[in-house]
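In our numbering, the protein residues as written are 14 to 100. Beta carbons: idealized from backbone N, C-alpha and C, even for Gly. Down below is the structure, laid out as structure tokens.
This is the structure we're talking about:
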């Protein structure tokens, strides 16, 4: 069972709207998890692999697929691994 369930997400969203803090900040406060643990807990229900910073830095951004401005507004980036595959 995941640490983060729908009830916790609902509570964190409500607190985020009220406090004007990010959803992630509210989840950290509600769960007591450190950032790495929280990322793992958020990824787990979706079967996603968490990529550490060192691995991200070894890859190239795929701005041809997701332009920098859009990546910044969405707080995300698409990366290309050594073989050119998008990760």
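In this structure residue 78 touches residue 91 by the C-beta definition: roughly 5 Å separates them, less than 8 Å. Between residue 57 and residue 48, the C-beta spacing is not below 8 Å. Look at residue 99 here: in three-state DSSP terms it is strand. In the structure shown, the three-state DSSP call for residue 92 is strand.
A distance of 8 Å or more separates the beta carbons of residue 67 and residue 93. Using a 10 angstroms sphere on the CB of residue 73, the tally of other CB atoms stays under 16, which defines it as exposed. At a Cβ-Cβ threshold of 8 Å, residue 43 and residue 21 count as neighbours.
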